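S.K.:
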Amino acid sequence: MSIPTFKLSDGTAIPALAWGNGTGDAKKTAFESGQYAVKAGIRHIDTAQGYENEKETGQSLEQAVKDNGISPDIVFVTTKISTEKGDPNKPGIALEDLRQSVLDSISRLGRQPNLLLVHNPFVPPKGKLLEFWKILEDMKDKGELTASLGVSNFRPQDFDELLPQCKYKPVANQLEYHPYVLTHLQPVLDIMAKHDIRVESYGPLSPLLRHPTGGPIKPVLERIAQRLSKETGEEVDAAMALLLWTRSKGVVAVTASGNNGRIAKLALTQQLPELTKDEVEEIEALGRKVHFRAYDEHMCIDFPAPNLPKDL
Ligand SMILES: NC(=O)c1ccc[n+]([C@@H]2O[C@H](COP(=O)([O-])OP(=O)(O)OC[C@H]3O[C@@H](n4cnc5c(N)ncnc54)[C@H](OP(=O)(O)O)[C@@H]3O)[C@@H](O)[C@H]2O)c1
Numbered sequence: 001m002s003i004p005t006f007k008l009s010d011g012t013a014i015p016a017l018a019w020g021n022g023t024g025d026a027k028k029t030a031f032e033s034g035q036y037a038v039k040a041g042i043r044h045i046d047t048a049q050g051y052e053n054e055k056e057t058g059q060s061l062e063q064a065v066k067d068n069g070i071s072p073d074i075v076f077v078t079t080k081i082s083t084e085k086g087d088p089n090k091p092g093i094a095l096e097d098l099r100q101s102v103l104d105s106i107s108r109l110g111r112q113p114n115l116l117l118v119h120n121p122f123v124p125p126k127g128k129l130l131e132f133w134k135i136l137e138d139m140k141d142k143g144e145l146t147a148s149l150g151v152s153n154f155r156p157q158d159f160d161e162l163l164p165q166c167k168y169k170p171v172a173n174q175l176e177y178h179p180y181v182l183t184h185l186q187p188v189l190d191i192m193a194k195h196d197i198r199v200e201s202y203g204p205l206s207p208l209l210r211h212p213t214g215g216p217i218k219p220v221l222e223r224i225a226q227r228l229s230k231e232t233g234e235e236v237d238a239a240m241a242l243l244l245w246t247r248s249k250g251v252v253a254v255t256a257s258g259n260n261g262r263i264a265k266l267a268l269t270q271q272l273p274e275l276t277k278d279e280v281e282e283i284e285a286l287g288r289k290v291h292f293r294a295y296d297e298h299m300c301i302d303f304p305a306p307n308l309p310k311d312l
């Protein structure tokens, strides 16, 4: 079974859909649901130190590989160096502790991750982002770490601090990304486009799941889901259509579920066709007029939200 992938700037292929175990039921059932995700055909697992389930992630992958007779290399694993519990207001990691912290993650996972992210700009000590990053670069140069290096929740000022002097540019920035944060994110997206930094979207389903009404894109997604259901013979819903929009934007969708039926639907999106150019543009144009964010804690510090309505 082939699945859609994107190229990272260091040449690595990254599966366009990831199953994350940092939220909801997926976090609690990381071991069982992780196995099901692999069985269903998902080839990218997203975890973090802060989710406190790297060990279960590793064990679940080991089991899934055994049960499904597949090679461990075909499952792409992302982990993140986190503040305590992934909460940006909790303590981060001191420079002298970083190397061991990464080695501990590798040991809990039982393998090298394919992608290692700095979970948020508050993980390194204040003003020490470059020094922090250089430790990761050094680990790569020594072969202690083979993962691609990336970041998460980085704002323009964080890239300004990092990019001019780093040796390995981050290959990805994982942030809350969907149509209702596009206007807010534009300055950071511009920097990322200039430096070939791939967008990874967490909370990709927020417009449908967390926005009080679904907002102006909901009826469009329902219409697209109907069209795709008719054309493919599959039961396509609005959430699947939104994940296809994310993929059409060249963005890795990091979603989650602790429910096997829904995990199977997430996996099925990998086999569905792209949206049309007009559909992609229609959703984007409507989304840009609204500002709604589900995760306020990360990106909004010193990066003010635009003055837009939450709904239309
Ligand atoms: N880097 C960061 O700071 C950061 C922050 C937040 C999240 N993340 C990562 O991103 C992952 C996903 O985040 P998220 O939970 O916000 O993603 P999301 O895709 O917006 O929402 C996932 C939720 O959608 C539900 N769902 C899945 N398929 C559905 C469908 N077809 N219809 C209706 N509901 C559906 C799931 O609930 P059920 O379990 O009930 O199916 C799940 O709780 C996390 O687990 C984590 O790995 C990273």
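In full-length UniProt numbering, the protein residues as written are 1 to 312. For every residue, glycine included, the Cβ atom is placed at its ideal position computed from N, Cα and C. Since we're looking at a predicted model, the values are computed, not measured.
Where L246 and S71 are concerned, what is the direct C-alpha to C-alpha distance, given to the nearest angstrom?
M.R.: Per the sequence presented here, residue 246 reads as Thr, with Leu not at that position. Roughly 28 Å between the two C-alpha positions.
S.K.: Quick one: does the C-beta of D73 sit closer than 8 Å to a heavy atom of ligand 1?
M.R.: It does not: the Cβ of D73 is nowhere closer than 8 Å to a heavy atom of ligand 1.
S.K.: For K7, I'd like the list of residues in its chain whose CB is within less than 7 Å of its CB, leaving aside the five on either flank, ordered along the chain.
M.R.: If we look at K7 and ignore the five residues flanking it on each side, its Cβ neighbours are A13.
S.K.: Is any heavy atom in ligand 1 found nearer than 8 Å to the beta carbon of M139?
M.R.: no
S.K.: Check whether the region 92 to 109 and the region 177 to 188 touch, using three or more Cβ-Cβ pairs below 8 Å as the test.
M.R.: No, the region 92 to 109 does not touch the region 177 to 188.
S.K.: Ignore the nearest five residues each way along the sequence and tell me which others in L208's own chain have a CB closer than 8 Å to its CB.
M.R.: G214, K218, L221, A238, A239, L242
S.K.: Straight-line CA distance for V65 to G41?
M.R.: 12 Å
S.K.: I need the DSSP call for P273, collapsed to helix, strand or coil.
M.R.: coil
S.K.: Looking at the structure shown, is K142 part of a helix, part of a strand, or coil, going by DSSP?
M.R.: coil
S.K.: Would the beta-carbon of V254 be found less than 8 Å away from any heavy atom of ligand 1?
M.R.: yes
S.K.: Quick one: what's A253 bridged to in DSSP?
M.R.: L17, S201
S.K.: According to DSSP, what are the bridge partners of Q174?
M.R.: S152, E200
S.K.: Among the residues of its own chain, which have a CB less than 6 Å from the CB of A37, if the five just before and after it don't count?
M.R.: Once the five neighbours on either side are set aside, the close Cβ partners of A37 are W19, I263.
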